[in-house]
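Q: Before I ask anything, let me first share the structure, which is written out below as structure tokens.
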Amino acid sequence: MDRSTHVVFATGFSTAMLWGLNAPPGALFIVIPVAITASLIPDIDLHKAHRSLLHNIPVAVSLTLLVYAAALTSLPQVLAELVALGFLLGYTSHILLDMFTVRGVALLYPLSRRFYRLARLRSNDPLANKLLQALSAALAAYSAAAMMGLVPAKPTP
7 MDRSTHVVFA TGFSTAMLWG LNAPPGALFI VIPVAITASL IPDIDLHKAH
57 RSLLHNIPVA VSLTLLVYAA ALTSLPQVLA ELVALGFLLG YTSHILLDMF
107 TVRGVALLYP LSRRFYRLAR LRSNDPLANK LLQALSAALA AYSAAAMMGL
157 VPAKPTP
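For the sequence shown, the positions run 7 to 163 when my numbering is used.
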């Protein structure tokens with residue numbers, strides 16, 4: 007998918023996860039910027055071993071632990087945890103979104119070179135990108151509103 011789709015998807019995914027974790031609305035101000043940044047990192051491998059070298063679980067976990075350790079050196083633990091959570095959510099959102107493409111991702115690389123996918127969308131398809139952006143933006147808006155108590159969090163019977 008394109009960069010803007012990764013950014014909007016990371017925002018929607020992270021906001022929904024924070025809502026599901028019953029995080030306070032203020033957590034959005036730390037988690038979302040970190041998630042957006044982290045969602046762009048896997049494509050650093052764009053020209054060498056793309057969708058294997060950085061698009062996998064071992065790298066996501068390793069980098070999250072490094073980010074957490076670095077954040078602990080200058081932030082209180084609760085903020086360092088939010089930074090690490092934002093990084094993990096953003097990074098994994100990128101991997102998850104790329105699993106919807108024709109090629110998929112080498113989820114367990116270097117343990118396995120098998121590519122996994124959930125759908126067969128073309129990453130450069132403008133319609134697919136715009137649709138995913140719209141759905142992600144709607145998810146982010148609803149989740150944020152629910153976190154702030156502006157919409158019902160659960161349907162009433």
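Built from N, CA and C at the ideal position, the CB exists for glycine as well.
Just so we're clear, the structure is a prediction, and the values are computed from it rather than from any experiment.
To which residues does DSSP link Tyr122 through a beta bridge?
A: In the DSSP output, where bridge partners are listed per residue, Tyr122 has Val111.
Q: State the DSSP-derived secondary structure class of Leu27, mapped to helix, strand or coil.
A: Reduced to three states, the DSSP call for Leu27 is coil.
Q: Are the CB atoms of Ala41 and Thr11 within a distance shorter than 8 Å?
A: Result no, Cβ atoms of Thr11 and Ala41 do not sit closer than 8 Å.
Q: Does the beta-carbon distance from Leu145 to Ala44 come in below 8 Å?
A: Cβ atoms of Leu145 and Ala44: not closer than 8 Å.
Q: Does DSSP put Leu71 in a helix, a strand or coil?
A: If DSSP states are grouped into helix, strand and coil, Leu71 belongs with the helices.
Q: Just tell me which of Leu103, Met153, Ser80 has its CA closest to the CA of His61.
A: The shortest Cα separation from His61 among Leu103, Met153, Ser80 belongs to Leu103.
Q: Throw me the rounded Cβ distance for the Ser99 and Ser20 pair, which I believe falls under 8 Å.
A: Contact holds; Cβ gap of about 7 Å.
Q: Identify every residue that forms a DSSP beta bridge with Leu127.
A: Thr107.
Q: Between Leu78 and Ala66, is the Cβ-Cβ spacing less than 8 Å?
A: It is not a contact, given that the beta carbons lie outside the stated cut-off.
Q: Within 10 angstroms of the Cβ of Val157, are there 16 or more other Cβ atoms? Answer buried if so, exposed if not.
A: Label assigned to Val157: exposed.
Q: What does the alpha-carbon distance come out to for the pair Ile38 and Ser118?
A: Distance between the alpha carbons of Ile38 and Ser118: 31 Å.
Q: Leaving out five residues on either side along the sequence, give the residues of the same chain with a beta carbon under 7 Å from the beta carbon of Ile63.
A: Answer for Ile63: Leu113, Leu114, listed in chain order.
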